[in-house]
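Okay, so here's the structure we're looking at.
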Amino acid sequence: MKMSYRFLSYVLMVCCFFLAGPSLAQSSKSAATLALYEGPDREQRLIQGARQEGALTVYTSLTVEDITDLTAAFEKKYGIKLKFWRAGSEKVVQRIITEARAGRFDFDVVETNGPELESLHREQLLQKAYSPHFADLVPQAILPHHEWVGTRLNMFVQIYNTKLVKKEDFPKSYQDLLNPKWKGKLGIEAEDVDWFSTVVKELGEEKGLKLFRDIVATNGLSVRKGHTLLAGLVASGEVPLGLTVYNHNADKLKKKGAPVEWDVIQPAIIRANGMGLSKKPAHPNAAVLFYDFMLSDGQVILAKNEYMAASRKAGSILDKVQLKFVDPATVLDESAKWEKLYTEIITRQSR
Numbered sequence: 565m566k567m568s569y570r571f572l573s574y575v576l577m578v579c580c581f582f583l584a585g586p587s588l589a590q591s592s593k594s595a596a597t598l599a600l601y602e603g604p605d606r607e608q609r610l611i612q613g614a615r616q617e618g619a620l621t622v623y624t625s626l627t628v629e630d631i632t633d634l635t636a637a638f639e640k641k642y643g644i645k646l647k648f649w650r651a652g653s654e655k656v657v658q659r660i661i662t663e664a665r666a667g668r669f670d671f672d673v674v675e676t677n678g679p680e681l682e683s684l685h686r687e688q689l690l691q692k693a694y695s696p697h698f699a700d701l702v703p704q705a706i707l708p709h710h711e712w713v714g715t716r717l718n719m720f721v722q723i724y725n726t727k728l729v730k731k732e733d734f735p736k737s738y739q740d741l742l743n744p745k746w747k748g749k750l751g752i753e754a755e756d757v758d759w760f761s762t763v764v765k766e767l768g769e770e771k772g773l774k775l776f777r778d779i780v781a782t783n784g785l786s787v788r789k790g791h792t793l794l795a796g797l798v799a800s801g802e803v804p805l806g807l808t809v810y811n812h813n814a815d816k817l818k819k820k821g822a823p824v825e826w827d828v829i830q831p832a833i834i835r836a837n838g839m840g841l842s843k844k845p846a847h848p849n850a851a852v853l854f855y856d857f858m859l860s861d862g863q864v865i866l867a868k869n870e871y872m873a874a875s876r877k878a879g880s881i882l883d884k885v886q887l888k889f890v891d892p893a894t895v896l897d898e899s900a901k902w903e904k905l906y907t908e909i910i911t912r913q914s915r
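Note that the working numbering gives residue 882 to position 318 of the sequence shown, counting from 1, and the numbers run on in steps of one.
What follows is the structure, given as C-alpha cells:
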C-alpha cells in the first residue's frame, strides 16, 4: 500500500510537469539557450517563463526619469516587476565585478556605457545573445562578440548660446578654434578622453595633439565635470561654446526654451552605449524578454526622451552627417596613454 502511494505521487508529479506546458520546461533551460533561441515562438515562450519568474533586476546608469519611463512601459505590457539599481557607469561595473567575485549574480541585465560593457565582456560576465530586432539596428550597434548591444547612441555635439554665437560663426573645423574670437569662450567636459582620442586620430595623431595644445595656449578651455553641467553653463551664457556635450543634453534644454543650438564639427563622434545579459541571471526569461523590449518598444521611448536610438525605426539623423564611432575595445586598451595626454593637454593646462 505504501509503495502504491509513492508510485501514484510520482505519476502525479510527472503529469503536472508536462501539463504546465513549455513555459516550465523553458524556465529550466540555461540562459544561453534562451538568449540564442531564434524560433518564431520566442516571445511567447519568454513571456510564459518570465511570468513564472515574476521579476527581474536591472543595473543601469540611465537617468532616473528615463529608466522610470522604461520600467512603467515594460511592467504595463508584460505584468512583470522590474527592479533597478542606478549609479554612474564606473560604479555599476565595480558592483557587478565585486558581486561576481563573491559568487553572486544579482543583476539580470546591465545597461550602461559602451567601454564599461566591453570591460564586463572581458571579465566573462556577460551572455552572448541574439534578438529578432537586430535587423532594425545600425550595424555599429551590434558587436562581433554579441555579448552586449548598443541601445542608445551618444553623439558628441558642439553646443552654443544663440545670444552669444551666431549660426554663421559656428566653427567648420577644429582648426577654426584657433581664431582669436574664441578666446575665453570655449568649454569642454573633464573626462571626455574617448572623444579626444578619436578626434586626434582622425586628424592624424601628431597633427591633432599639436592642434589641441595650440588651442589651449591661444584661447584657453574651461573644463567642467559633467555634460549636463556644461550644457547648462552654455544655456546661462557662462560658456558660449561647449565642445563636448551629448545631443540629448542640448535637445532637452532646447525643449525647455533655453537659448541654445547644436551642430557638429564633422565627422560626428558617436559612442554606442547599451546593455548586456548576465551570464547567470536569476530571472533568465524576464532578462531576455527585457532585452528584446529595449531593442523594440524601448527604442521609441528613448527617442521620445531625446536620445539617439540605435534602431533605425525610431528615426534619427544618422544618415545626414558623417559619423565616426568610438571603438570601445581601443578605449580600454589605450586608456592609460590617452588619459595621460588628456590630463597634460586639456585638464591641467586649461583655464
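Even glycine gets a Cβ: it sits at the ideal position worked out from N, Cα and C.
Whole-angstrom C-beta distance between residue j and residue i, which should lie under 8 Å
i	j	result
Ile723	Val809	5 Å
Leu807	Asn783	Going by Cβ atoms, the distance from Leu807 to Asn783 rounds to 11 Å, so no, they are not a contact pair.
Tyr642	Ile611	6 Å
Tyr906	Val673	Tyr906 to Val673, Cβ: 31 Å. No contact.
Ala619	Lys647	6 Å
Ser786	Val803	6 Å
Ala699	Ile865	At roughly 20 Å, the Cβ-Cβ gap does not stay under 8 Å, so Ala699 and Ile865 are not in contact.
Leu773	Tyr738	The Cβ separation is near 12 Å, so there is no contact.
Contact check, residue i vs residue j, beta carbons under 8 Å
i	j	result
Thr715	Glu675	yes
Ala874	Ala836	yes
Ala595	Gln688	no
Trp902	Leu805	no
Gly678	Val890	yes
Ile833	Pro735	no
Gly838	Leu600	no
Ala814	Val885	no
Gly801	Lys727	yes
Lys888	Glu766	yes
Ser860	His697	yes
Phe669	Ala799	no
Ser761	Glu617	no
Which listed residue (the options) has its alpha carbon closest to that of residue i
i	options	result
Pro831	Gly667, Trp759, Gln688 and Tyr623	Trp759
Phe671	Glu680, Arg659 and Leu887	Arg659
Trp826	Gly838, Lys820, Ile834 and His812	His812
Gly821	Gly796, Val864, Leu887 and Pro744	Gly796
Asn725	Ile865, Ser899 and Val824	Val824
Trp712	Thr632, Glu607, Ser695 and Lys727	Ser695
Asp526	Gly862, Leu853, Thr635 and Gln863	Residue 526 is absent from the structure shown; the chain starts at 565 and stops at 915.
Gly790	Lys771, Lys819, Ser761 and Asp756	Asp756
Pro703	Thr792, Asn718 and Arg876	Arg876
Glu553	Gly862, Lys904 and Phe857	Since the first residue shown for the chain is 565 and the last is 915, residue 553 is missing from the structure and cannot be characterised.
Gln863	Leu717, Asp733, Pro744 and Gly748	Leu717
Close-in-space but distant-in-sequence residues of the same chain around residue i (CB under 6 Å, 5 per side omitted)
i	result
Arg934	Residue 934 is absent from the structure shown; the chain starts at 565 and stops at 915.
Leu794	Gly751, Glu753, Arg788, Gly806 and Val809
Pro848	Ala595 and Leu598
Ile644	Ala614 and Ala850
Gly585	Low confidence applies here, because Gly585 scores a pLDDT of 38, under 50, leaving its location unreliable and the question unanswered by this model.
Gln913	Val780
Asp630	Asn869
Leu588	In this predicted model, Leu588 has a pLDDT of only 32, less than 50, meaning its place in the structure is not dependable; the value taken from the coordinates is given anyway. Here the set comprises nothing.
Trp649	Tyr623
Thr701	Correcting the residue identity first, residue 701 is Leu in this sequence and not Thr. Once the five neighbours on either side are set aside, the close Cβ partners of Leu701 are Ala874 and Ser875.
Asp740	none
Gln590	Bear in mind that a pLDDT of 40 at Gln590, under 50, signals an unreliable position, so the model cannot answer this.
Proximal residues to residue i (C-beta, below 7 Å), its chain only, five neighbours per side dropped
i	result
Lys816	Glu870
Met565	Caution is warranted here: a pLDDT of 38 is assigned to Met565, below 50, making its placement in the model unreliable, and no coordinate value can be reported.
Thr792	Asn813
Leu634	Gly862 and Ile865
Lys771	none
Met719	Tyr810, Asn811, Ala832, Ile834 and Met872
Val729	Pro804 and Leu805
Cβ neighbours of residue i in the same chain (closer than 8 Å, five flanking residues each side left out)
i	result
Leu896	Pro679, Glu682, Ser683 and Arg686
Gly603	Arg609
Glu732	none
Ile706	Phe698, Val713 and Gly714
Thr911	Ala754 and Val787
Lys904	none
Next item on the list: Decide if the segment 835-855 is in contact with the segment 691-703; the criterion is three or more beta carbon pairs, one per stretch, under 8 Å apart.
Entry: yes
Checklist line | At least 3 beta-carbon pairs within less than 8 Å: the segment 609-626 vs the segment 635-655 | finding: yes
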